[in-house]
């Protein structure tokens with residue numbers, strides 16, 4: 013779940029009470045700005061909640077007004093306006109909810125009964141949609157999902173980014189969202205967990221069985237680290253991947269095989285995770301699949317019966333075994349073994365070939381990654397004469413930087429994970445790119461010397477993880493005054509916070525002057541899920557003359573209809 017922006021919120025005053033709610037949780041990303049002091053002071057009726065703050069266990073009749081970040085429904089208590097959040101409540105739905113806990117200026121409720129359905133209702137095609145945490149909004153039309161994501165980003169840009177509605181409209185700062193043409197079978201990577209405790213819905217608890225019948229392979233039920241919802245087919249992954257999942261489900265519980273799921277309490281058991289990755293043969297375009305078993309120890313003989321069934325599937329070209337002996341529940345192994353075929357698969361992106369290993373980072377939606385990377389290239393605005401230097405921050409395996417290298421003088425990429433840097437160098441060599449340098453380093457711990465080992469970049473690409481950029485890096489970018497910054501984000505809350513600092517300055521003597529204007533493009537990247545990508549173009553329109561007056565130098569707006 014997205015966390016509150018780590019650097020804190022600035023200029024919080026009693027005149028802006030909605031900020032106090034935002035400080036409680038970024039789950040309120042879509043909280044309307046009209047949540048004011050008046051609504052806080054409202055006195056509830058005696059036949060409604062007995063106080064302004066609803067109590068735990070109290071039942072309320074609610075109407076979902078909008079979707080907040082992570083897909084939770086935002087509602088208000090009648091007569092008081094007190095905000096409550098409900099998982100799996102969708103806009104327009106009227107329902108009975110039971111208060112489970114209160115967090116500061118909002119409460120969480122569990123839906124007990126639906127009185128009338130939500131707007132834009134569609135039948136969820138997945139049989140697990142009502143229980144699985146991966147596709148909470150699958151019974152909401154895709155068009156409505158896209159609209160909700162766009163609204164979330166819009167609210168965050170105003171409230172966290174401190175851009176006014178007038179700015180957004182008059183300067184065409186925010187572009188329409190880019191929907192994905194594919195709503196299902198788009199993920200190239202899925203990770204399933206083995207569990208000793210199968211999660212069952214409340215109505216089926218009496219049917220619980222013991223022994224191997226209680227084992228499960230699937231996805232963790234929302235809110236449970238120790239219980240797994242058994243999944244036989246997932247509509248997000250490719251059909252060949254579903255064939256592998258079905259083959260494993262068909263036999264892994266057989267007592268004669270001696271296989272057991274890892275137990276998170278006793279720390280006993282063999283099987284931890286099943287990771288499936290789908291790529292493409294670069295010559296034929298035919299899908300190729302990697303199967304990765306994550307186990308608690310290295311016992312390849314135990315996996316041999318499964319290997320025989322899986323390797324018979326034509327698309328399977330690689331079967332790996334990552335061994336993770338720690339008590340943690342991560343899928344990253346300390347040791348890696350190739351049990352069948354090759355140790356990596358391939359994928360094409362923007363005309364380049366990328367090698368993907370079991371633990372490589374690669375955009376999970378290959379189809380929409382093509383769209384995203386094309387937008388990044390357009391926003392970067394490289395002249396194409398090979399004269400510009402690109403700084404690729406949080407470069408991962410180098411996919412973004414390498415797609416830009418063909419039009420740049422040189423690309424310098426920074427990433428904290430050593431294996432990602434090794435993959436980036438390998439991908440550069442694989443594509444014959446010699447004007448790219450990748451450096452391993454922690455961008456959260458840079459000092460004054462950062463930037464001394466590469467020339468001043470003309471263009472900066474920043475693709476941070478969910479916490480966003482550290483203030484040290486933001487200060488560096490403010491001092492750098494690059495011609496253009498392209499910010500790619502998977503967390504619009506922290507992105508909006510960072511844009512406030514980059515565009516409006518920070519409250520320190522050296523960084524008071526605003527130096528940037530921004531163009532935003534929202535990117536619907538994970539379809540049927542409650543996530544969205546944000547692509548932000550920031551142009552440097554100001555140039556400080558000798559007299560100290562900031563002059564407008566360049567303002568570039570893209571009128572492209574997205």
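In our numbering, the protein residues as written are 13 to 574. The beta carbon of each residue, even a glycine, is placed where N, CA and C say it ideally should be.
- 8 Å or more divides the Cβ of residue 299 from the Cβ of residue 307.
- If the five residues before and after residue 407 are omitted, its C-beta is found closer than 7 Å to the C-beta atoms of 413, 425, 426, 427, 436, 450, all from its own chain and listed in chain order.
- Annotation: the continuous alpha helix (DSSP H) that includes residue 414 extends over 411-417.
- When secondary structure is reduced to three states using DSSP, residue 140 falls in the coil class, being assigned neither helix nor strand.
- Here the stretch 79-88 lies against the stretch 97-115, with 3 or more beta-carbon pairs under 8 Å apart.
- In the DSSP assignment, residue 452 forms a beta bridge with 427.
- The C-beta distance from residue 95 to residue 118 rounds to 4 Å, short enough to fall under 8 Å.
- The continuous stretches of beta strand (DSSP E) do not include residue 509, which lies in the alpha helix (DSSP H) extending over residues 504-516.
- Between residue 109 and residue 131, the gap from beta carbon to beta carbon reaches 8 Å or more.
- A Cβ-Cβ distance of about 43 Å is found for the pair residue 178 and residue 124, leaving them out of contact under the 8 Å criterion.
- For the pair residue 231 and residue 204, the CB atoms are nearer than the 8 Å cut-off.
- In the DSSP assignment, residue 258 falls within the unbroken alpha helix (DSSP H) covering 251-263.
- Between the C-alpha atoms of residue 253 and residue 374 there is a straight-line separation of about 17 Å.
- In this structure, residue 455 places its C-beta atom within 8 Å of the C-beta atom of residue 405.
- Note on geometry: alpha-carbon atoms of residue 322 and residue 447 lie some 41 Å from one another.
- Counting along the chain, the unbroken alpha helix (DSSP H) around residue 380 starts and ends at 378-392.
- In this structure residue 361 is in contact with residue 385, their Cβ atoms being roughly 7 Å apart against a cut-off of 8 Å.
- Rounded to whole angstroms, the separation of the alpha carbons of residue 480 and residue 409 is 18 Å.
- A buried status is given to residue 173, since no fewer than 16 other beta-carbon atoms sit within 10 Å of its beta-carbon.
- Secondary structure of residue 404 (DSSP, three-state): strand.
- By the Cβ-count criterion, residue 411 is buried, with 16 or more other Cβ atoms from all chains shown falling within 10 Å of its own Cβ.
- Under DSSP, residue 120 forms a beta bridge with 97, 113.
- Considered as a whole, the stretch 464-495 harbours 483-492 as its complete alpha helix (DSSP H) runs of no fewer than 4 residues, in chain order.
- The beta carbons of residue 469 and residue 494 sit about 6 Å from each other, so the pair counts as a contact at 8 Å.
- Residue 324 is classed as exposed because its beta carbon has fewer than 16 other beta carbons within 10 Å across all chains shown.
- Per DSSP, the unbroken beta strand (DSSP E) holding residue 331 starts and ends at 328-335.
- Take the alpha-carbon of residue 74 and the one of residue 171: they are about 25 Å apart.
- Secondary structure note for residue 162: its alpha helix (DSSP H) is the uninterrupted segment 154-171.
- The beta-bridge partner set that DSSP reports for residue 284 is empty.
- By the C-beta criterion, the stretch 261-270 is judged to be in contact with the stretch 226-244, since at least 3 inter-stretch pairs fall below 8 Å.
- In the structure shown, residue 370 falls within a coil segment according to DSSP collapsed to helix, strand and coil.
- If you look at residue 205, you'll find it in the beta strand (DSSP E) that goes 201-207.
- In the displayed model, residue 443 falls within coil according to three-state DSSP, outside both helix and strand.
- Residue 143 sits close to residue 233, with the two beta carbons spaced by under 8 Å.
- Contact annotation, residue 288 with residue 202: C-beta distance approximately 5 Å; criterion of less than 8 Å satisfied.
- Taking C-beta atoms as the reference points, residue 329 and residue 256 fail to come closer than 8 Å.
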